[in-house]
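Right, one structure below, let's go through it.
There are 2 protein chains.
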Amino acid sequence: MNPTPNPQRRSEKSHRAILDAAMELCVEHGYGNVTVEAIAARAGVSKKTIYRWWPTKGAVVLEAFVELAGTATRFPDTGDVVADLRTQMTAVLANILSGPRASVYAGIIAETQHDPALARELRAQLLDPRVAAARDRLRLARDHGQLAPDADVEMVVDLLYGPLYYRLLLHLGPYPPARLRAHVAHVLGSFAPAPPASAAP
Amino acid sequence: MNPTPNPQRRSEKSHRAILDAAMELCVEHGYGNVTVEAIAARAGVSKKTIYRWWPTKGAVVLEAFVELAGTATRFPDTGDVVADLRTQMTAVLANILSGPRASVYAGIIAETQHDPALARELRAQLLDPRVAAARDRLRLARDHGQLAPDADVEMVVDLLYGPLYYRLLLHLGPYPPARLRAHVAHVLGSFAPAPPASAAP
DNA sequence: AGGAAACGGCACGTGTCGTGTTGACAGTGC
DNA sequence: GCACTGTCAACACGACACGTGCCGTTTCCT
Chain A
1 MNPTPNPQRR SEKSHRAILD AAMELCVEHG YGNVTVEAIA ARAGVSKKTI
51 YRWWPTKGAV VLEAFVELAG TATRFPDTGD VVADLRTQMT AVLANILSGP
101 RASVYAGIIA ETQHDPALAR ELRAQLLDPR VAAARDRLRL ARDHGQLAPD
151 ADVEMVVDLL YGPLYYRLLL HLGPYPPARL RAHVAHVLGS FAPAPPASAA
201 P
Chain B
1 MNPTPNPQRR SEKSHRAILD AAMELCVEHG YGNVTVEAIA ARAGVSKKTI
51 YRWWPTKGAV VLEAFVELAG TATRFPDTGD VVADLRTQMT AVLANILSGP
101 RASVYAGIIA ETQHDPALAR ELRAQLLDPR VAAARDRLRL ARDHGQLAPD
151 ADVEMVVDLL YGPLYYRLLL HLGPYPPARL RAHVAHVLGS FAPAPPASAA
201 P
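These protein sequence lines map, in sequence, to chains A and B. So the first sequence is numbered by the UniProt record's numbering: it starts at 1 and just counts up by one. So the second sequence is numbered by the UniProt record's numbering: it starts at 1 and just counts up by one.
Put into structure tokens, the structure is as follows:
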């Protein structure tokens, strides 16, 4: 079933051509209208070669996406949480959650709804590392007194990123940068440490 | 192309059987593993009959879902926004965003990523009315002084519902009821009117 | 009562999938 | 320098679901 081909003998040229062709075709025609045959044709590659290294079309496009997204979504640390989160989320919005690649990303997420293996890959390669990094950055801010000591970082991440995905996947319109600024400011402000001595339930 | 069949002559028996069969099969085998042929077979109906009244499988399942969801997602008005929102969102979570029907709903949303017509139907029949109702309820609360006068109700809705869809569609685990309570309380608390005379940017 | 129209049953052409087979080619080891 | 091993492109194939067309039958409005 799975002869596990030898990665050392893999043609890096074909590998690159396949990833490039997959991303190009998805941007041009939309994720759902791209077939494995079309990717193979554009890459000048046999369909068999694609199936040798990836289980499905979704896995191919996911790898192309991970590669693309991996570069521009790190969390800076200038000492100001609000500014740093705003910087990172602006980059995420610009590169992934809006523009021509947003619908491709949405297509991958759609595919994970009926492909558990792809869902695991999406989490393992894209989501989990970034969520962990976001939590780390928020914990750091909490330790430095920029967030309330009892702030639930998991809830913070949900509140920061949830609405972005919600609007993307439910076609509720884009998230303009100005709105993103207000969004980040409000969420983090709602977890600010109490200035003197008072608490609101 | 579209002879627009006469709704008055429609067989209500077949109509019901199709919707029931569609929902049953989706819950049993998962949205993605259900075919129009299977729905027709289970309903004791010709495939042609389904295609006469719906353009795609997604439209059939969406109608079944709208019918099911329409009953238990109204916004009560007891005077207490926090309690009312918690009540409504608990119902949404119990009936739609968790349990056996959650993955069916996720499957429909997935399909909208490459079916613009279905996306419009989803918004028109499910999302827009409920979002509008939520905004109305929040504006009422704002008028009654339970929310800050400058509270952005659109942002409130995004913060309330965004994380729920985010966790569903990205397979980040369910939203336990206790967490939902804390979530609603925090979000609405973050828009509470300032008690004496102070403002936090 | 009559006729139009929706109905169930069936068969068909299409497109995509994922696999199988073949012969050409490139890297490694003796 | 030569055989070996495994990847490569090319093509063919069966399986499956889609969406449509045609049939004779049944249902319901006028």
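The beta carbon of each residue, even a glycine, is placed where N, CA and C say it ideally should be.
Opening and closing residue of the alpha helix (DSSP H) in which residue i lies
{"i": "Pro129/A", "result": "Asp128 to Asp143"}
{"i": "Val66/B", "result": "Lys57 to Ala69"}
{"i": "Asp20/B", "result": "Glu12 to His29"}
{"i": "residue 205/B", "result": "Because chain B is modelled from 1 through 201, residue 205/B falls outside the range shown and cannot be assessed."}
{"i": "Ser103/B", "result": "Ala102 to Thr112"}
{"i": "Thr49/B", "result": "Lys47 to Trp53"}
{"i": "Gln88/B", "result": "Val81 to Val92"}
{"i": "Tyr166/B", "result": "Val153 to Leu169"}
{"i": "Val187/B", "result": "Pro177 to Gly189"}
{"i": "Ala41/A", "result": "Val36 to Ala43"}
{"i": "Leu118/B", "result": "Pro116 to Leu122"}
Minimum C-alpha distance to residue i - residue among the options
{"i": "Arg74/B", "options": "Glu63/B, Gln88/B and Glu67/B", "result": "Gln88/B"}
{"i": "Tyr166/B", "options": "Trp53/B, Glu24/B, Leu97/B and Leu25/B", "result": "Leu97/B"}
{"i": "Val34/B", "options": "Arg86/B, Gly107/B and Arg9/B", "result": "Gly107/B"}
{"i": "Glu154/A", "options": "Arg137/B, Val156/B, Leu172/B and Gln146/B", "result": "Leu172/B"}
{"i": "Gly32/B", "options": "Glu111/A, Lys47/A and His186/A", "result": "Glu111/A"}
{"i": "Ala134/A", "options": "His186/A, Pro76/A and Glu121/A", "result": "Pro76/A"}
{"i": "residue 205/A", "options": "Arg137/A, Glu24/A and Leu93/A", "result": "Residue coverage of chain A in this structure runs from 1 to 201, which leaves residue 205/A outside it and unanswerable."}
{"i": "Leu19/B", "options": "Ala59/B, Pro7/B, Ala72/B and Gly162/B", "result": "Ala59/B"}
{"i": "Leu122/A", "options": "His15/A, Gly70/A, His186/A and Cys26/A", "result": "Gly70/A"}
{"i": "His15/A", "options": "Gly79/A, Lys48/A, Gln146/A and Thr78/A", "result": "Lys48/A"}
{"i": "Val156/B", "options": "Asp152/A, His186/A and Gly79/A", "result": "His186/A"}
{"i": "Trp54/B", "options": "Pro7/B, Ala91/B and Glu24/B", "result": "Pro7/B"}
{"i": "residue 227/A", "options": "Glu28/A, Thr78/A, Val27/A and Lys13/A", "result": "Chain A is shown from 1 up to 201; residue 227/A falls before or after that span and cannot be answered."}
Beta-carbon spacing of residue i, residue j below 8 Å
{"i": "residue 274/B", "j": "Val81/B", "result": "Because chain B spans 1 through 201 in this model, residue 274/B falls outside it and cannot be assessed."}
{"i": "Ala132/A", "j": "Ala192/A", "result": "no"}
{"i": "Leu160/B", "j": "Val184/B", "result": "yes"}
{"i": "Asp50/B", "j": "Val36/B", "result": "A small correction: the amino acid at residue 50/B is Ile; Asp does not occupy that position in the sequence shown. The answer is yes: Cβ separation under 8 Å."}
{"i": "Leu170/B", "j": "Ile109/A", "result": "yes"}
{"i": "Ser190/A", "j": "Ser190/B", "result": "yes"}
{"i": "Ala22/B", "j": "Val45/B", "result": "no"}
{"i": "Gly162/A", "j": "Gly162/B", "result": "yes"}
{"i": "Arg52/B", "j": "Pro129/B", "result": "no"}
{"i": "Arg120/B", "j": "Asp84/B", "result": "no"}
{"i": "Ala72/A", "j": "Asn95/A", "result": "yes"}
Contact between the stretch 173 to 180 of chain A and the stretch 115 to 126 of chain A (3+ Cβ pairs under 8 Å): no
contact_flag[the stretch 91 to 106 of chain A, the stretch 36 to 45 of chain A] where n(CB pairs < 8 Å) is 3 or more: no
Sufficient close CB pairs (3 or more, under 8 Å) joining the stretch 53 to 71 of chain A to the stretch 139 to 158 of chain A: no
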